[in-house]
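Okay, structure first, notes after.
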Amino acid sequence: MVKILYITFYFYPYSHPGGQRALKQVKYLQKNDIHPIVLHCSNMPWKDFDQESYEKEVVGKMDVLPITAPRFNKNRTLIDRAVLRFESVLFEDRADWALGNLDKVAQMVDDRKIDMALTSGPPQSVHILGWYLKEKKNIPWIMDMRDPFVIDPKCHGLVEFIQKKLLFEIYERIFIKSADCIVATSEETTLRLSDGQPESREKFHTVRNGFDEDDFRNTVPNRLDRSRMNIVYTGRFWGDRTPHHFFEGLRMAVSLKPGLRNTIRIILVGAFGQDIAALVHSKGLSDLVTIVGLVSHREALSLQVGSDANLLIVDSMPGVDNTPFIPGKLPEYIRAGRPIIAVAPRGEARTLIEKYQLGVTVSPDDRRGIAEVLLSIAEKWKKKELLANQPDPALLEQFDRAFQTLKLSRIMKDLIKK
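Our numbering puts the first residue of the sequence shown at 80, with every later residue one more than the last.
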């Protein structure tokens with residue numbers, strides 16, 4: 080059986096979107112004659128946990144090695160702080176975990192007789208470990224890029240822009256040259272990464288995010304208050320992914336038709352800061368928007384399945400004409416079978432929704448368009464014409480975690496043969 084070191088900063092019990100991809104890949108790799116050993120950070124500055132998923136899917140079922148970042152402890156010396164600041168400027172604020180564990184991880188390759196390494200980022204500094212193992216141990220390395228280095232929706236501000244464009248462009252080139260295989264989550268991202276590298280195009284692959292049919296098999300729709308139409312958003316907001324434009328459109332819809340206040344409810348599910356609550360209040364939408372907060376993954380799926388429609392907000396990035404990101408929640412929305420309201424720029428996610436008629440799409444900066452979408456959907460709901468989606472089976476297969484991980488396992492086995 081092939082033994083791989085699956086290196087990811089985020090993993091359960093920490094609740095993070097990146098952890099969900101790792102969790103499901105590890106689950107299904109085990110069913111394809113591959114033994115993943117998960118290496119993740121155990122002392123990250125992160126407060127959100129999903130203990131239910133951890134106990135159900137990880138404990139006693141997965142081989143997990145949590146290791147600490149040397150300088151993430153609370154009692155930092157002046158030297159620790161200086162080193163962390165230097166690492167942050169040169170790379171990012173999570174880099175200490177990778178840089179502080181290079182030799183320890185290399186020793187694990189010998190101790191556990193590892194055949195291959197996979198690094199999953201962001202944080203992109205995780206790939207330093209893959210590069211180091213490739214150089215020092217000469218084992219095959221798969222670089223899983225959930226987001227590209229340079230085109231990053233979480234990057235904003237002049238300092239970050241300069242850092243990403245100058246330093247990260249260099250890092251990306253070095254890592255892509257060294258890695259045996261580069262995996263991305265969308266076709267558009269794969270094309271962008273492989274552009275200008277015709278001699279090595281065969282080492283670029285797309286392994287999508289997806290849904291796990293096992294999660295939906297026993298999911299009971301949440302019994303939401305049916306006196307109003309419930310639009311559910313699950314996830315987080317950060318960087319350019321913000322509900323500001325949607326709230327502007329919602330406020331306009333209410334001004335055009337005041338009765339909408341008694342018809343519609345927006346339910347935000349996830350770990351949100353006080354800034355989101357303040358934004359809701361400042362827009363005069365407190366009676367329309369309910370912030371549920373962080374729930375388990377099972378509860379989030381229950382809300383998606385029980386909603387009247389699910390809300391998708393896709394990052395709009397300055398200077399990028401065709402947004403290459405497909406948010407990790409979109410496959411779950413597709414499987415949930417409820418109409419999708421997508422506030423999204425032109426790109427792969429929007430094209431997918433339009434092609435398969437999964438809901439309605441509108442540009443983030445089109446406030447009137449958002450208002451008209453909400454008024455139209457509310458009218459359909461009143462007339463009981465807001466029907467569930469019946470996704471194309473071929474589309475569901477594209478986003479099935481088991482199918483996508485089977486594809487990844489074949490890539491791994493082919494690399495071992497070489």
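C-beta: ideal position from N, C-alpha, C; glycine also.
These numbers come from a predicted model, not from an experiment.
Integer-rounded CB distance, given that residue j should sit under 8 Å from residue i
i	j	result
residue 457	residue 346	Rounded, the Cβ-Cβ distance is 15 Å, inconsistent with contact.
residue 421	residue 428	7 Å
residue 253	residue 222	Wrong, their Cβ atoms sit about 11 Å apart, outside the cutoff.
residue 313	residue 383	6 Å
residue 374	residue 426	Not confirmed; about 28 Å, so no contact.
residue 185	residue 215	5 Å
residue 108	residue 488	6 Å
residue 330	residue 358	Rounded, the Cβ-Cβ distance is 11 Å, inconsistent with contact.
residue 132	residue 324	Going by Cβ atoms, the distance from residue 132 to residue 324 rounds to 31 Å, so no, they are not a contact pair.
Span of the alpha helix (DSSP H), counted from its first residue to its last, around residue i
i	result
residue 189	181-190
residue 385	376-385
residue 473	472-477
residue 175	174-178
residue 414	408-415
Identified DSSP bridge partners for residue i
i	result
residue 115	83
residue 196	84 and 220
residue 263	224 and 285
residue 93	128
residue 402	426
residue 290	479
residue 421	391 and 440
Short Cβ contact (8 Å threshold) for residue i with residue j
i	j	result
residue 41	residue 435	The first residue shown for the chain is 80 and the last is 497, placing residue 41 beyond what the model contains.
residue 88	residue 123	yes
residue 411	residue 380	yes
residue 320	residue 349	no
residue 446	residue 328	yes
residue 119	residue 82	no
residue 199	residue 225	yes
residue 390	residue 310	yes
residue 117	residue 85	yes
residue 125	residue 91	no
residue 20	residue 440	A question about residue 20 goes unanswered here, because the residues of the chain that appear run from 80 up to 497.
residue 296	residue 478	no
residue 207	residue 178	yes
residue 189	residue 218	no
residue 151	residue 182	no
residue 154	residue 267	no
residue 209	residue 148	no
residue 413	residue 470	yes
residue 490	residue 284	yes
residue 103	residue 484	yes
residue 264	residue 419	no
residue 407	residue 203	no
residue 417	residue 481	no
residue 454	residue 282	no
residue 300	residue 352	no
residue 80	residue 112	yes
residue 272	residue 249	no
residue 424	residue 443	yes
residue 308	residue 366	no
Endpoints, the beta strand (DSSP E) within which residue i is located
i	result
residue 487	Residue 487 -> not in any beta strand (DSSP E); alpha helix (DSSP H) instead, spanning 480-496.
residue 258	Counting along the chain, residue 258 falls outside any beta strand (DSSP E), and DSSP gives it neither H nor E.
residue 369	368-372
residue 392	388-392
Residue i beta carbon near the ligand FMN (any heavy atom closer than 7 Å)
i	result
residue 263	The model depicted lacks the ligand FMN and carries no ligand whatsoever.
Residue-chain proximity (residue i, chain B), Cβ-Cβ < 8 Å
i	result
residue 216	Looking at the structure shown, chain B is missing, and only one protein chain is on hand.
Can you give, in chain order, each stretch of the alpha helix (DSSP H) that sits fully within the region 128-162 and has at least 4 residues? Secondary structure within the region 128-162: the alpha helix (DSSP H) runs of 4 or more consecutive residues, fully enclosed, are 130-136 (chain order).
Unbroken stretches of the beta strand (DSSP E), 3 residues or longer, contained in the region 423-451: The qualifying runs are 438-441.
Identify every run of the alpha helix (DSSP H) within the region 292-354, keeping only runs that are complete inside it and at least 4 residues long; order them along the chain. Taking only runs of at least 4 residues, the alpha helix (DSSP H) segments lying wholly in the region 292-354 are 292-296 and 323-335.
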